[in-house]
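Down below is the structure, laid out as structure tokens.
In the working numbering, the protein residues as written are 478 to 614.
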């Protein structure tokens, strides 16, 4: 099972980060009219590289303790703190109310992230189909 996990780990991490980035961009769009709101985003490539590196160093995550004889031991995945990776986006044009959301930039980022997410799903689906084909043959 570890080999299957290793085969999908990168794609799983990439899709997870794409989902988080989509949430950040959607939040920016939702706050487009909020005075003083600062648009945020994170660099996907560097965050993915850090996440994969963290995963290679600490694959097991957190060990769950058993406090009674009937408890089952287990592992919980390590929780990544992407809040610290978020950076404020520098606006191309300042606004009177201090809001830095630029809808054109956000729409492009949203569409680009969506396209990459769907491409990642396609790659993962292809890997799964290939493995199923190999198992069934």
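Where is the CB? At the ideal position from N, CA and C, for every residue including glycine.
Range covered by the alpha helix (DSSP H) that runs through residue i
i, result
"residue 549", "First-last for residue 549: undefined, no H or E at that position."
"residue 577", "Premise fails: residue 577 is in no alpha helix (DSSP H) and is neither H nor E."
"residue 510", "Here residue 510 belongs to no alpha helix (DSSP H), and DSSP marks it neither H nor E."
DSSP state of residue i mapped onto helix, strand, coil
i, result
"residue 571", "coil"
"residue 594", "helix"
"residue 518", "strand"
"residue 540", "strand"
Inter-residue Cα distance where the pair is residue i and residue j
i, j, result
"residue 548", "residue 540", "13 Å"
"residue 532", "residue 573", "43 Å"
"residue 499", "residue 590", "7 Å"
Beta-carbon proximity check, residue i vs residue j, cutoff 8 Å
i, j, result
"residue 516", "residue 494", "no"
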